[in-house]
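Residue numbers (the UniProt record's numbering): 1 to 265.
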């Protein structure tokens, strides 16, 4: 418990900054919706001037951009990019920071097992993401209700919003796993940004080709916003893949951390 509370204190400032950033982004984007909805027809004609491949890569849907759910699904793509960066940075740093700061040997002299260390740090990261998503979800829901005067499906809006949390869990697990594969990780930021943007670009490419097989290669495409809006649910096959990846990555992280050599300073 002491270790968990310590980790929460360490990442408190970081978590608050990211939470306010994501909440601020959704408030900013949704504040544009009234203008977009008033000029929906002109905006649609403008978007039709873009090549179809570009529209698909950017997540632009001409037919639904004038509705709150269609507009939200478009801007949410970029909000989720920031959310993935937060989770990846957290996952990459939460175990590797002990090695970088040369405090790992000191930590292991305490009466705790390696599994307890991983569990405490993992739980702290999980709670940080929960806090971020509670704040984000509250801000997004209130703002959407304020800017949209017509009735819309709160259920679908929540399903879209919750994909941020699920996506962050995937990148958190990926970040922890990758950090343990690189024994001497010097730059968490560069590796995290590089991997997140690589997956984002794969997602953009998958959108332009329409190849469902490519969607399995990037977490950004596990949740198809058009499918969610039309069916009020997630695609089961991608949910199973996401859960499977998270479980395997976390279990592998426990195993690697239990077996790795921790060099004394």
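From the three backbone atoms N, C-alpha and C, an ideal C-beta is built for every residue, glycine too.
In this text the structure is predicted, and so the values were computed from the model without any measurement.
Inspect the beta-carbon positions of residue i and residue j and report whether they are closer than 7 Å.
i	j	result
residue 162	residue 91	no
residue 225	residue 73	yes
residue 167	residue 80	yes
residue 249	residue 177	yes
residue 135	residue 23	yes
residue 219	residue 170	yes
residue 11	residue 179	no
residue 139	residue 27	yes
residue 4	residue 125	no
residue 239	residue 217	no
residue 36	residue 152	no
residue 206	residue 214	yes
residue 254	residue 118	yes
residue 97	residue 7	no
residue 76	residue 33	no
residue 242	residue 222	yes
With distances taken from CA atoms, which of the options is nearest residue i?
i	options	result
residue 157	21, 186 and 227	227
residue 246	87, 120 and 35	87
residue 142	89, 212 and 31	31
residue 19	256, 123 and 83	83
residue 155	241, 77 and 229	229
residue 191	175, 205 and 202	175
residue 184	117, 95 and 37	95
residue 17	27, 234, 132 and 164	132
residue 147	207, 159 and 38	38
residue 260	89, 114 and 33	114
residue 186	243, 93 and 34	93
residue 232	14, 160 and 77	160
residue 78	150, 34, 29 and 33	29
residue 150	66, 13 and 211	66
residue 193	212, 85 and 25	85
residue 112	2, 212 and 89	2
residue 212	188, 189 and 237	237
Ordered list of alpha helix (DSSP H) runs contained in the stretch 111-154, each at least 4 residues: 114-147
At which residue ranges does the stretch 174-234 contain complete beta strand (DSSP E) runs of 3 or more residues, listed in the order of the chain? none
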